[in-house]
Every structure is written in structure tokens, then in C-alpha cells.
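Chemist: Can you keep this structure in mind? I'll have questions shortly.
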Amino acid sequence: MTATAAEPAVDARGLVKVFERGRRTFWQRLRGEPDRRERFHAVDGIDLRVERGEIFGLLGPNGAGKTTTMKMLATLLIPTSGTISVLGIDVLARPRDVRARLGAMLSGERSLYWKLTARENLEYFAALYHVPPRQTRARIDDALTSVKLLDRADDYVERYSTGMRQRLALARALLPDPPLVILDEPTVGLDPQAARDLRARVRELRSQGRTVLLTTHYMEEADQLCDRVAIIDHGRIVALDTPGALKRTIRAEEVVRLEIGLADDGAAVLERLGRSATVARSERHNGTLAVTAHCASARDFVPAAFDAARSAGATIQHVEVVPVTLEDVFISLTGRALRE
Amino acid sequence: MSLLAADARAFVAAARKELRMWRRYPLFILGLLFWPIVLPATWVLMGQAYSGGGDARALAAFAERAGTTEFAGFVFVGYAMYMWLSNLLWGPGTALRQEQIRGSLEAVFLTPTSRLVALFAPPISHLPFSLLNFVTMGLTLWLVFGIVLPLGPVLEAMVVIAIGIPSMYAIGSLFAASVLRFGETGPIVQLVRGTFVLACGITFPLVMLPGWAQAGAALLPPTYIVADIRTVLFRGVGLGGIAIDLVLLLAFAGLITLLAVWVFRILETSARRRGTLGSY
Ligand SMILES: Nc1ncnc2c1ncn2[C@@H]1O[C@H](COP(=O)(O)OP(=O)(O)OP(=O)(O)O)[C@@H](O)[C@H]1O
Ligand SMILES: [Mg+2]
């Protein structure tokens, strides 16, 4: 019954979630009209294996299916098909056992009671997590300590900052002393300082021996925080590896971003740029062409780019040389930027 | 610790959380003291005016239909029922709905506690307020209208209330469960509450209703509670005389509870399929 350490923290196979879009009115049902609702695959066949003790990230743009996946792991959503085992427990067969061992932070600060103090919030949830009464006090203090809120424990949550509320939501997820913590966009809406702080807390979870599965659409976050990253788009995993290995899949040492002022549609200049680098992406905003190019050496490519622009009758307005990021990996896989 | 004991503790914690939230709205207590006095008092004054200031023949006519000449007491008992019902229809449904909108319902559903805790705990937390209502009304009857309720019948009335509690809270839970699906509480509450006011004889004796409406009223637990409280308080009938009603009330409580659990189960599974647990 009990999960052995050899079992992965999460093992999902062939996971699919289909939602229906649009609605079918009572009248349409009554008259037996055909069902015109669109069936939409929010998650479209995901296989996922998260090992014990790692920080695993799901990176993807808006609507990729990250939240839907997390909710299926957390028993809030029933998958259309596929199997999930969390800490060796079948989620569909024994949802209550999964809930007792899983720390989940899905909707963050909104899901707290703002009219109660942090401690009162946690007392309530500790009872719901079936924490034995004699351990409750210590468990709450531990959770508050690990998110650095112990000194504000008796303040009303409505007087907290967004970052503090987010940390309190994380503290709540720690109440069952979970071996696995899942976090849906833990740093969304936080200022850089608060986000850095929360990431530090997440690293501490790993050093306490817990497994962390998180979603994000910040590529820096995935890069800095995660041991392994799955890039997810349109409900499918398009790449899965360590951040370093993912970045090495791009056959380029450097990434050059250009802004080119031009009069025509830019086809000529793009063609010429393509001779000395891989144009990963180009986008036109009235009169300016933004280009992302992958190249072996910026030192060689940048002068070539100026020549290419001049001979096509265009002018380069801005040049930026940046290291390869997971964003570039995403672009090279999907042809789109993460955030658009 | 067994699962049941753990769920029981969760239940207590949930009711306690509700009460702690009320604590943040101290003015709400003022309303709790104000309405139970003002509303029934206006009806009593109206009754006094219509009866020519307590004319003997008018009182006899009332007694013929209501079984007592204590019309102030009659109205107050009716209103106590009304306030109790209103609290139960508004409170738990609204509480559950707010949790759903805010997203805390999802957080509750992430825990291993039985879902029934979320369903049944909010109504129970309203118990102290209902008791406060009853006490205020009793005091008003005494201080304003000079009606002193004798201790024996008051204790008997409390037994009736205690036996009525499960069925009343089952109604509150059933209502809360359906709110999860239909969202908007306002219009449904008005409709249900209006029906109860009319059918359960809040300000008038039931015999004033047409026959079919009386038959309908016989299916609503508050009808029995309000009638039985009046019977023990004002007609000198003991609990033995209303035993059948009390058994019926317990049966109602069981039935409505099962219905509430069933509705809630169906709605929860459907929400887990359609992903609407945290939406509105
Ligand atoms: N309950 C639902 N009913 C219908 N469609 C839904 C439902 N929940 C999500 N979707 C759709 O499924 C898709 C994936 O949504 P999901 O919330 O999983 O994306 P996400 O990757 O978390 O995006 P974001 O970065 O915006 O949070 C979206 O197109 C969304 O509109
Ligand atoms: Mg999301």
C-alpha cells in the first residue's frame, strides 16, 4: 500500500481532457437538435513522469493546458482518459488518499479567507487536512516559518501584500507535510523581489526532500528553478529535458535580436539574413521588422546583417545580442513566442 | 484517529470559521436585534387595530381559527420561524457560493475531508443567531406586550425546536447544494421564502388558506414546527398531543438530508467533469 521511494512522485500516461465549448439550450435538447458544441482538447495526450526530489516545471503559454493538468493531478478534475498515479496512488481510484498526501497551491491568494488571520486560516485547513489536534500548533508554526510569516501570523489576511498572501497559500499547501507539492503559477502577479523570495522558498522545499511540480509561463523561472522542464503547447508536451539540454537543442551559440526600419514587406532583407543565420522569428509592426536570429557567432553575423540591410534598402535601428533562453527553444519548436 | 473523528473535527472547525468571519461584522448583530422586534410588532399592532383594539368578539373569532386568543404570541412565534428560515435560506447558500466565487471552495476540495462538511457546516454555524432571535422575541413579548410565557410550555417549545432543527438545517443544506449549480441566490430565495411565508402560516392561521394550499403546506416541515410551538405555548397541549408531528419532522429531516447529499454528489461530480468547481 505505502509508496516506496522507487516509485515516481507523478506518473501520468495518455492524459486527455476534453471540454465542451458553447452551450446547448434546453430547447435544442427538447427538439432533439444535433449537438453543436465544439469538443476541445485542453490536454491532448500527456505522458509525464516526475521523479522524487526534483523540481519539475511545466512551461507553456496561456491556454496551453497547464492548469488543467494540475487540476487533474489534484483530483479537482476527472480526466476524459488516461491514468495518473501520484506517490504511487491511483488518483481516480483513491482520490481521498491522494488529497491527504498532496500539497497543492492552485488558485493562490484568492482562495484564502481575507477576514481571518493567517493562523485562523491555517487552523481551519489543518482540521480539513486531518492534522491530529496535538500536532496542529507545531505544524502551523512550521508551515508559517518555512514561508517566513510567523511574525505576522495574527494579522488579518486582508492587510497582507499580494506576495504575503501567495506565501500563506503555500504554507497552507504544506500543512499535510506533503512529499509532493504542486504549484500552479506560484509567482504570477508578484513583483520581482517577492517572486525571487518565493522561488527561494520553493528551493527550500526541495532541500527538505520534497518533490515540487510547478507551472509557469516565465522562462527565466523555469530555467533558474527547475531541474527538468516540460515545454507544453496546445495540450501536448513538445520537449522535455533539463534546461541546459533544452537550450543545447538549438544549434546556435548566440541569439541576435534586430529591429529593422524598412519600406517594403521585408522579404528581401529576410532572405539575405537567412544566408548567415537561422531566422527563428520575424514580426512586422508598421515600418519596423523585429527579427530573432540564431547564429554561431554574433561577431560574424552582426556585420553581415548590416550589409544585408543596406543592400535591401533597409536600416538596422537596434541590435541586441543575448544568450540562448528557453524562450528561444519554445520559438524554435512552435514558431511562436511564449507570451503573445 | 479514525476518519470519522477527523471529519467531525473538520466539521467543528468549519462552523467555527464561519462564526469567526461573522465576528468581523459587528453591526450585523444590531440587525439581528432590530428586525425580530420591529417586524412582528407592526403586525401585532395592525391586528389590534383591525380587531377594534382587542374587542372580545373579534378575539373570539380569531380564537375559533387559531385556537388561542394570544394573537401577539401567535404572530411572534410565526416570525421567529420566518427569521430562522430566512437565515437558513440566505446564509449557507450564500456562504457556499462566495467560497465558490472566491476560489476557496477549490482549496477545500483539495483536502481529504468529506465534501459533506462544506455542505452541512455553514448552516450549523447559524444556530447561535437563531437562538438569539428566539430570546429577543421572547423578551419583546414580555417587555412590550406583557405576555409572560410560563416555563413548562417554554421548555416544551424548546423540545419542539430541538426536534425541528435537523429538518430546518436539511432545508438549508439542500438549498445550498442547488445554489452551487444555479449560482444566483436572490430570486430563488425570494420565491422559496415567499412560499413558506404563505404556506406555513407565519402571520395567520392555516385554515385561512384554500384546501389545496393547506395540503401543500402539510409537506413543509416549518408548518409543523410553527403550529406545534403555538400549540404547546398557547393551548396548554403537552408534547404527547403532538407526538405524531414530531415523528413526521424527524422523517422529513432524514428525507431532506438524503436529498441534499444526493443533489450535492451529482453536482460535485458534474463540476469535476466540466471544470466548473471554481467558476461562476
Ligand atoms: N472548465 C473549462 N471549460 C471549458 N474550457 C476550459 C475549462 N478550463 C479550461 N478550459 C480551456 O482549456 C484550455 C487550457 O486551459 P488551462 O487553464 O489549462 O491553460 P493554462 O496553460 O493554465 O493557461 P494560463 O497560462 O492562462 O493559466 C484553455 O483554452 C481554456 O479556455
Ligand atoms: Mg493556468
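Residue numbers (this note's numbering), protein chains in the order written: chain L, -13 to 326; chain H, 1159 to 1438. C-beta atoms are modelled at their ideal positions from N, C-alpha and C, and glycine is treated no differently.
Would you call the segment 1283 to 1298 of chain H in contact with the segment 1230 to 1250 of chain H, where contact means no fewer than 3 C-beta pairs closer than 8 Å?
Modeler: With the cut-off at 8 Å, the segment 1283 to 1298 of chain H and the segment 1230 to 1250 of chain H touch.
Chemist: So H:S1160 is in the alpha helix (DSSP H); what residue range does that whole segment cover?
Modeler: First-last for H:S1160: undefined, no H or E at that position.
Chemist: Give the interface partners of H:L1151 over in chain L, defined as CB-CB distance under 8 Å, in chain order.
Modeler: Since the displayed chain H opens at 1159 and closes at 1438, residue 1151 of chain H lies outside it and no answer follows.
Chemist: Determine the DSSP secondary structure at L:S71, reduced to helix, strand or coil.
Modeler: In the structure shown, L:S71 sits in a strand (DSSP, three-state: E or B).
Chemist: Nearest CA to the CA of L:P162: which residue from L:L44, L:D127, L:R296, L:Q210?
Modeler: Checking every option, the nearest Cα to that of L:P162 belongs to L:D127.
Chemist: Give the residues from the segment 1248 to 1277 of chain H that approach chain L closer than 8 Å (Cβ to any Cβ), ordered along the chain.
Modeler: Within the segment 1248 to 1277 of chain H, the residues whose Cβ lies closer than 8 Å to some Cβ of chain L are R1260, G1261, S1262, E1264, A1265, V1266, F1267, L1268, T1269, P1270, T1271, V1275, listed in chain order.
Chemist: Could you compute how far the alpha carbon of L:G49 sits from the alpha carbon of L:R189?
Modeler: Straight-line Cα distance between these residues: approximately 27 Å.
Chemist: Let me check understanding here. Comparing Cα to Cα, which of H:S1428, H:A1357, H:L1364 lies closest to H:L1243?
Modeler: Of the candidates H:S1428, H:A1357, H:L1364, the one whose C-alpha sits nearest the C-alpha of H:L1243 is H:A1357.
Chemist: What number of angstroms, rounded off, separates the C-alpha of H:A1172 from the C-alpha of L:W100?
Modeler: Roughly 15 Å separates the two Cα atoms.
Chemist: Are at least three pairs of beta-carbons, each pair with one atom in the segment 241 to 250 of chain L and one in the segment 55 to 74 of chain L, less than 8 Å apart?
Modeler: Cβ pair count under 8 Å is below three, so no.
Chemist: For H:F1303, tell me which candidate among H:I1414, H:G1189, H:F1232 has the shortest Cα-Cα distance.
Modeler: The candidate whose alpha carbon is nearest that of H:F1303 is H:F1232.
Chemist: Using the C-alpha atoms, what's the distance from L:L92 back to L:T53?
Modeler: Cα to Cα, L:T53 sits roughly 8 Å from L:L92.
Chemist: CA-CA distance, H:R1273 and H:F1267?
Modeler: H:R1273 and H:F1267: Cα-Cα distance of roughly 7 Å.
Chemist: For ligand 2, enumerate in chain order all residues having a CB closer than 7 Å to any of its heavy atoms.
Modeler: Answer in sequence order: L:K52, L:T53, L:D170, L:E171, L:T201.
Chemist: Looking at the secondary structure, which residues open and close the alpha helix (DSSP H) in which L:K134 lies?
Modeler: Run containing L:K134: none; DSSP gives neither H nor E here.
Chemist: If the cut is a Cβ gap below 7 Å, which residues of chain L does H:A1279 touch?
Modeler: Correct list: empty, because the minimum Cβ distance to chain L is about 10 Å.
Chemist: For L:M(-13), name the three-state secondary structure that DSSP assigns.
Modeler: Low local confidence applies: a pLDDT of 44 at L:M(-13) is under 50, so the model's placement there is unreliable, with the coordinate-based value given in what follows. Residue state, collapsed to three classes: coil.
Chemist: Please classify H:S1244: does DSSP put it in a helix, a strand, or coil?
Modeler: Helix, per DSSP.
Chemist: Would you kindly check if the distance between the Cβ of L:A225 and the Cβ of L:G299 is under 8 Å?
Modeler: No.
Chemist: On the criterion of 16 or more Cβ atoms from any shown chain inside 10 Å, does L:L108 qualify as buried, or is it exposed?
Modeler: By the 10 Å Cβ count, L:L108 comes out buried.
Chemist: Taking 7 Å as the cut-off, is the C-beta of L:N48 nearer than that to any heavy atom in ligand 1?
Modeler: L:N48: yes, Cβ under 7 Å from ligand 1.
Chemist: Please name the residue, chosen from L:P81, L:M150, L:V133, that lies closest to L:R96 on a Cα-to-Cα basis.
Modeler: Comparing Cα positions, the closest option is L:M150.
Chemist: What's the C-alpha gap between L:T103 and L:R125?
Modeler: Between L:T103 and L:R125, the C-alpha separation is close to 16 Å.
Chemist: Can you tell me whether L:A112 is buried or exposed? The criterion is at least 16 other CB atoms within 10 Å of its CB, across all chains shown.
Modeler: With 16 or more other Cβ atoms within 10 Å, it is buried.
Chemist: Once you ignore the five residues that flank H:V1421 on each side, which residues in its own chain have a CB closer than 7 Å to its CB?
Modeler: Answer for H:V1421: L1332, A1335, S1336, listed in chain order.
Chemist: Taking 8 Å as the threshold (beta carbon to beta carbon), is H:R1430 in contact with chain L?
Modeler: Yes, H:R1430 counts as interfacial toward chain L.
Chemist: Would you be able to state if there are at least three C-beta pairs under 8 Å between the segment 21 to 30 of chain L and the segment 2 to 9 of chain L?
Modeler: Because the criterion of three Cβ pairs below 8 Å is met, the segment 2 to 9 of chain L and the segment 21 to 30 of chain L touch.
Chemist: If contacts are defined as beta-carbon pairs under 8 Å, then H:L1364 and H:L1254 qualify, I think. What distance do you get, rounded to the angstrom?
Modeler: No, H:L1364 and H:L1254 are not in contact; Cβ-Cβ is about 32 Å, not under 8 Å.
Chemist: Is there a Cβ of chain L sitting closer than 8 Å to that of H:M1239, yes or no?
Modeler: No, no contact with chain L.
Chemist: Does the Cβ of H:G1205 lie closer than 7 Å to at least one heavy atom of ligand 1?
Modeler: No, ligand 1 has no heavy atom inside 7 Å of this Cβ.
Chemist: Give me the Cβ distance between H:M1241 and H:P1194, rounded to the nearest whole Å; I'm assuming they're in contact under 8 Å.
Modeler: The Cβ separation is near 6 Å, so the contact holds.
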